[in-house]
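This report refers to the structure that appears directly beneath it.
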Amino acid sequence: MLAQQHSEIVKVKGEVVFCAEDHEDRLSGTSWKLEEDVSDQVTETGFKLHLIELIDNFIQYRGQCDELPKKEGIVRFGSGELSIEWLPDGSTHLSDHSTVAVLTKDDLYQLVNEFERLPGKIDELSKSAFEKVYGSEEAAKAKGIIYFLLSSKPVPRLLGESRILYIGQTKTSFKSRYFRYASLHATSNANSLKFFEIIKNYGPIEIAFCDHKKFGNTESGNSLLQAEGQFLWWYFQNHCEYPPINYTKTKVRKDAITA
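Set out below in structure tokens:
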């Protein structure tokens, strides 16, 4: 029935690895692999949601009937057909994790609240205030990260409000990337106007950061740009626009990831 309902999508070759909760017969996480870029269609048509619901129902049914295996498997589709293979516990890469969370836009602010912070805050428009944060020992160690400039008070957005001012990424250390620009951020015409208004109206700025690897998985490996794009897309989904001082936009359109 699902293959008939989404006949165009199941013509594309793909597979969905899934894993159930350790102590409950409910779906815990999925990992998707598609040979063609139809990720937007998979989400927009409802195929992804319908398949996840179907897998969850199967897991519950096999648990009620005590039919083994019941925790892990692979759904394969292609050439208009769809099939499911159940695998012994521990067979898939998802089982390497004690818990597999599905993260969406709704998790954005909880994640950011839990991320590490660089010490200090930019509390005035001066070179020294920026250098104090940009030049810390922690900033020198923070490499391969996604970082967030956060105001103390939320800024009104097209939809709702947010403390996130900017989302960026750096392969080198944060200090290496930004310390040399401390004077520019404090004194240039555009930057001084921007940061003066932010500090005056929304309070001191702090910087949160996280390792990108958890959020940047692609079929070809791990990507800083993918991770940055994932957070930008989640922000856009929450507020219908990008952060106020972001020039960077993204083509990432993944609604959820497993982590």
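Read in order, the letters of the sequence shown correspond to residues 8 to 266 in this note's numbering.
Every residue gets a Cβ at the ideal spot worked out from N, C-alpha and C, and that includes glycine.
Model, not experiment: these values are computed from the prediction.
If you run the structure through DSSP and keep just helix, strand and coil, what is residue i?
{"i": "Lys112", "result": "helix"}
{"i": "Glu43", "result": "coil"}
{"i": "Leu156", "result": "strand"}
{"i": "Thr99", "result": "coil"}
{"i": "Thr37", "result": "strand"}
{"i": "Gly223", "result": "coil"}
{"i": "Val162", "result": "strand"}
{"i": "Arg124", "result": "strand"}
{"i": "Ile206", "result": "helix"}
{"i": "Ile264", "result": "strand"}
{"i": "Ile129", "result": "strand"}
{"i": "Thr257", "result": "coil"}
{"i": "Tyr249", "result": "coil"}
{"i": "Ser195", "result": "coil"}
{"i": "Gly151", "result": "coil"}
{"i": "Glu235", "result": "helix"}
{"i": "Glu51", "result": "helix"}
For the beta strand (DSSP E) that contains residue i, what are its first and last residues?
{"i": "Ala27", "result": "21 to 27"}
{"i": "Thr177", "result": "168 to 177"}
{"i": "Ala215", "result": "212 to 218"}
{"i": "Glu88", "result": "88 to 94"}
{"i": "Arg69", "result": "Not the beta strand (DSSP E): Arg69 falls in the alpha helix (DSSP H), residues 54 to 71."}
{"i": "Phe84", "result": "79 to 85"}
Within 10 angstroms of the Cβ of residue i, are there 16 or more other Cβ atoms? Answer buried if so, exposed if not.
{"i": "Asn89", "result": "Checking the sequence, you will find Leu at residue 89 rather than Asn. So Leu89 ends up on the buried side."}
{"i": "Ala136", "result": "buried"}
{"i": "Lys256", "result": "exposed"}
{"i": "Phe203", "result": "exposed"}
{"i": "Cys26", "result": "buried"}
{"i": "Lys5", "result": "Nothing in the structure corresponds to residue 5, since the chain is present only between 8 and 266."}
{"i": "Thr99", "result": "buried"}
Mind checking which residues open and close the alpha helix (DSSP H) that includes residue i?
{"i": "Ala10", "result": "9 to 12"}
{"i": "Leu75", "result": "Per DSSP, Leu75 belongs to no alpha helix (DSSP H) and is neither H nor E."}
{"i": "Phe186", "result": "Counting along the chain, Phe186 falls outside any alpha helix (DSSP H), and DSSP gives it neither H nor E."}
{"i": "Val140", "result": "134 to 141"}
{"i": "Ala147", "result": "144 to 148"}
For residue i, which residues from the same chain have a beta carbon less than 6 Å from its beta carbon, with the 5 sequence-adjacent residues on both sides left out?
{"i": "Phe84", "result": "Val17, Gly21"}
Taking 7 Å as the limit between beta carbons, can you name the residues of its chain near residue i, skipping five residues before and five after?
{"i": "Ala263", "result": "Val109, Leu110, Thr111"}
{"i": "Arg184", "result": "Thr177"}
{"i": "Gln244", "result": "Lys112"}
{"i": "His13", "result": "Thr52, Phe54"}
By Cβ distance, which residues of its chain are closer than 8 Å to residue i, with the 5 residues on each side in sequence left out?
{"i": "Leu94", "result": "Pro76, Glu79, Gly80, Ile81"}
{"i": "Ala10", "result": "Val17, Phe84, Gly87, Glu88, Leu89"}
Beta carbon of residue i: closer than 8 Å to some heavy atom of the ligand PLP?
{"i": "Arg164", "result": "Ligands displayed in this structure: none; no statement on the ligand PLP is therefore possible."}
- Item | Inter-stretch contact (C-beta, 8 Å, three-pair minimum) for the region 237 to 250 and the region 17 to 37 | no
- Query: Are the region 114 to 130 and the region 48 to 65 touching, with three or more C-beta to C-beta distances below 8 Å?
  - Reply: no
- Message: Would you call the region 157 to 166 in contact with the region 198 to 213, where contact means no fewer than 3 C-beta pairs closer than 8 Å?
- Response: yes
- Three CB pairs or more closer than 8 Å across the region 173 to 192 and the region 147 to 154: yes
- Query: Any contact of the region 77 to 97 with the region 107 to 119, i.e. 3+ C-beta pairs under 8 Å?
  - Reply: no
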